[in-house]
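S.K.:
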Amino acid sequence: MFTVLGLGALVLFGLLAPGGERSTFGISTAGDIVEIDPLGVPSRQAAILLALLCLAVAGYAFLLTARAEPVPLWLSVLFGTAFVLSFLTWAVAGETISLTGALQGSLALSVPLIFGALCGMLGERTGVINIAIEGQLLAGAFLSGVVASLLGNLWVGLIAAPLAGLLVAYLLAVFSIRYLVNQIIVGVVLNVLVLGLTNFLYGRLLSPQAGTWNSPGRFPRWKIPVLGDIPVIGPVLFDQTVIVYCMYLAVIVVHVALFHTRWGLRVRAVGEHPEAADTAGIAVNAVRFRNVLIGGAVAGFGGAYFTLGAIGVFSREMTAGAGFIALAAMILGRWKPMGAVFAALLFGFANNLQSVLGIIGSPIPSEFMLMAPYVLTIFAVAGLVGRIRPPAANGQPYIKS
């Protein structure tokens, strides 16, 4: 798959790039305040070099696969970065875009996806499929906005958001683990329930009495000294709201907990072979119940980003399918936190880029940009970008014999 994409990049982005044109990228050192000289590169030459780098990475990945060795994450990230830059160089030929602004927009769209992917991962690592991520994100967005509006305190609203996700997760755990109802059906029902409830309350309370019920405001950006002044990376990563910084921490904590602690070993054992875990004295259903609740709290916290971090008010169906996209990011990331982060960033980048290219008048249809990550996810699940295997007991209820 890497080889096919690399050849495609060489033909489409390199050889078909207009000769004599330059692609110009604006670079900021402090958000939209301080700009340094834009970076201009020859479109065709740069696209060809980046496409050749894609082919070199693909060749190395093919060699590793032939030796039955795993393809490291950094190699996939390098390929993806080179491919995206090659595409950008071709798409922006003769135009100028703000690279810093594009990356900032991509991260902003990726934040709830990352929280949702972590939520799904915590559940599926124990064998519970969480289709209700969408409802948990929406519930967190709703409750955080209402509480912050009523009490006039953003921090209290942020604390309330995980409680909303926790409540939805509790219903999922009770029906799917205790009463053995089909996990996917329960998740779909909970999504519809939260959607209907929030729409009803929005129409009856939040919309007609917005000053009281729907005026929470937004968290300000906090710039980290020194780190925030690094060109490109600084404004993107280190000039953010508290919710984004909490996201960084959540990714690290989940990664360490799952793969470097005794607790994580128990969790993965329950998801891979619950019978063996039970024989070893692990309470399988208790572990599953606990992880679903933790995941719900994480998703609820991520939902607060919609109201308290991005927009400043709650609106109908404002998650817009983010929970389902988060599931795709989790699968593309192979049920690993760092992989899910890069997959979510890919989705966020594609979503943001279609707006950027529309502004500069690119002939590329925006629909192609939106569907590209989903096509890649289908290829990944089909095994065309390496073997993707979910936890062995995923979706299977456990009945103690």
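Numbering (UniProt numbering), first residue to last: 1 to 401.
Think of the CB as a built atom: it goes at the ideal place given N, C-alpha and C, for glycine as much as any other residue.
#1: Go through the region 297-325 residue by residue and report every complete run of the alpha helix (DSSP H) that reaches 4 residues or more, in order.
#2: In terms of alpha-carbon separation, which member of N352, G333, A269, L353 lies closest to P72?
#3: For the region 244-254 against the region 159-176, do three or more pairs of beta-carbon atoms, one drawn from each stretch, fall closer than 8 angstroms, so that the two count as touching?
#4: Going by DSSP, what residues sit across from W222 in a beta bridge?
#5: With 16 other CB atoms within 10 Å as the buried threshold, where does H260 fall?
#6: With DSSP as the reference, label S98 as helix, strand or coil.
#7: Which same chain residues end up closer than 7 angstroms to G116 when comparing Cβ atoms and leaving out the 5 residues on each side of it in sequence?
#8: Is R125 helix, strand or coil when you go by DSSP?
#9: If I follow the unbroken alpha helix (DSSP H) through E69, where does it start and stop?
#10: Nearest to V84 by alpha carbon, out of L345, V267, T279?
#11: Distance, Cα to Cα, residue 421 vs G203?
#12: Can you tell me which of the three DSSP states V188 falls into?
#13: In angstroms with no decimal places, state the Cα-to-Cα distance between I177 and K223.
#14: Look at L158 and G295 and say whether their C-beta atoms are less than 7 angstroms apart.
#15: Within this structure, are the beta carbons of F289 and A173 separated by less than 7 angstroms?
#16: Which class does G140 belong to by DSSP, given the choice of helix, strand or coil?
#17: Three-state secondary structure (DSSP) at A30?
#18: I need the straight-line Cα distance from residue 402 to R125, nearest angstrom please.
#19: Quick check on Q45: buried or exposed, where buried means 16 or more other Cβ atoms within 10 Å of its Cβ?
#20: Throw me the rounded Cβ distance for the N352 and S106 pair, which I believe falls under 8 angstroms.
#21: Measure the beta-carbon distance from G196 to N130 and round it to whole angstroms, keeping in mind my assumption that it falls under 8 angstroms.
#22: Where do the N-terminal and C-terminal ends of the alpha helix (DSSP H) with W155 fall, by residue?
#23: Please classify I33 as buried or exposed, where buried requires at least 16 other C-beta atoms within 10 Å of its C-beta.
#24: State yes or no: is the C-beta of V111 within less than 7 angstroms of the C-beta of Y374?
#25: If G101 and V194 are in contact, beta carbons under 8 angstroms, what's the gap, nearest whole angstrom?
#26: Can you tell me whether DSSP reads N182 as helix, strand or coil?
#27: May I have the straight-line CA-CA distance separating S199 from A139, to the nearest angstrom?
#28: Measuring straight from C-alpha to C-alpha, what distance separates A91 and V128?
#29: So is Y398 buried or exposed if we call it buried at 16+ other beta carbons inside 10 Å?
#30: Consult DSSP for G211 and reduce its assignment to one of helix, strand or coil.
#31: Where does I36 fall in DSSP's three states?
M.R.: To lay it out plainly:
#1: none
#2: Position 72 of the sequence shown, counted from the first residue, corresponds to residue 72. Nearest C-alpha to P72: G333.
#3: no
#4: Start at 1 with the first residue of the sequence shown, and residue 222 comes out as number 222. W222 pairs with Q240.
#5: Counted from its first residue, the sequence shown places residue 260 at position 260. Its Cβ having fewer than 16 others within 10 Å, H260 is exposed.
#6: Your numbering for residue 98 matches position 98 in the sequence shown. Three-state result, S98: strand.
#7: One-based indexing of the sequence shown puts residue 116 at position 116. I133, L137, A299, G302, A322, G323, A326, listed in sequence order.
#8: On the sequence shown, residue 125 is found 125 positions in, with the first residue counted as 1. Of the three classes helix, strand and coil, the one that applies to R125 here is coil, per DSSP.
#9: Here the question's residue 69 lines up with position 69 in the sequence shown. E69 -> no alpha helix (DSSP H), and no H or E assigned at all.
#10: Numbered from its first residue, the sequence shown carries residue 84 at position 84. Nearest option by C-alpha distance: L345.
#11: Nothing can be reported for residue 421: it is not among the residues displayed for the chain, which extend from 1 to 401.
#12: Within the sequence shown, numbered from 1, the residue matching residue 188 stands at position 188. In the structure shown, V188 sits in a helix (DSSP, three-state: H, G or I).
#13: Counted from its first residue, the sequence shown places residue 177 at position 177. Counted from its first residue, the sequence shown places residue 223 at position 223. Using only the alpha carbons, I get a separation of about 43 angstroms.
#14: Taking the first residue of the sequence shown as position 1, residue 158 is located at position 158. Taking the first residue of the sequence shown as position 1, residue 295 is located at position 295. Taking 7 angstroms as the Cβ cut-off, L158 and G295 do not qualify as a contacting pair.
#15: Along the sequence shown, read from residue 1 onward, the residue named residue 289 stands at position 289. Along the sequence shown, read from residue 1 onward, the residue named residue 173 stands at position 173. Yes, these two residues count as a Cβ contact at 7 angstroms.
#16: The residue given as residue 140 occupies position 140 in the sequence shown. The answer is helix: DSSP assigns G140 an H, G or I state.
#17: As a position in the sequence shown, residue 30 is number 30, starting the count at 1. Legend: pLDDT at A30 = 48, less than 50; position of this residue unreliable, no value from coordinates given.
#18: Because residue 402 is not part of the residues shown, which for the chain are 1 to 401, the question remains open.
#19: Counting from one through the sequence shown, the residue named residue 45 turns up at place 45. Exposed.
#20: As a working note, residue 352 is residue 352 in the sequence shown. As a working note, residue 106 is residue 106 in the sequence shown. Right, the Cβ-Cβ distance comes to about 5 angstroms (below 8 angstroms), so this counts as a contact.
#21: Within the sequence shown, the letter at position 196 stands for residue 196. Within the sequence shown, the letter at position 130 stands for residue 130. Not really, about 19 angstroms apart at Cβ, beyond 8 angstroms.
#22: Working through the sequence shown from its first residue, we reach residue 155 at position 155. Here the alpha helix (DSSP H) through W155 covers 154-173.
#23: Indexing the sequence shown from 1 puts residue 33 at position 33. A caution first: I33 carries a pLDDT of 43, below 50, which makes its placement in the model too unreliable to give a value.
#24: Numbered from 1 along the sequence shown, position 111 holds the residue referred to as residue 111. Numbered from 1 along the sequence shown, position 374 holds the residue referred to as residue 374. No. Outside cutoff.
#25: Residue numbering aside, residue 101 sits at position 101 when the sequence shown is read from its first letter. Residue numbering aside, residue 194 sits at position 194 when the sequence shown is read from its first letter. 33 angstroms between Cβ atoms; not a contact.
#26: Position 182 of the sequence shown, counting from 1, holds the residue named residue 182. Coil, per DSSP.
#27: What you label residue 199 is simply residue 199 of the sequence shown in a count that begins at 1. What you label residue 139 is simply residue 139 of the sequence shown in a count that begins at 1. The amino acid at residue 199 is misidentified as Ser; the sequence shows Asn. Taking the straight line joining both Cα atoms gives about 11 angstroms.
#28: Position 91 of the sequence shown, counted from the first residue, corresponds to residue 91. Position 128 of the sequence shown, counted from the first residue, corresponds to residue 128. C-alpha separation (whole angstroms): 42 angstroms.
#29: In the sequence shown, counting from the first residue as 1, residue 398 sits at position 398. It is buried - the Cβ of Y398 has at least 16 other Cβ atoms within 10 Å.
#30: The residue you call residue 211 lines up with position 211 of the sequence shown. G211 falls in the helix class under three-state DSSP.
#31: Against the sequence shown, residue 36 aligns to sequence position 36. Note on I36: pLDDT 47, under 50, position unreliable in the model; the coordinate value appears next. DSSP places I36 in strand when its eight states are reduced to three.
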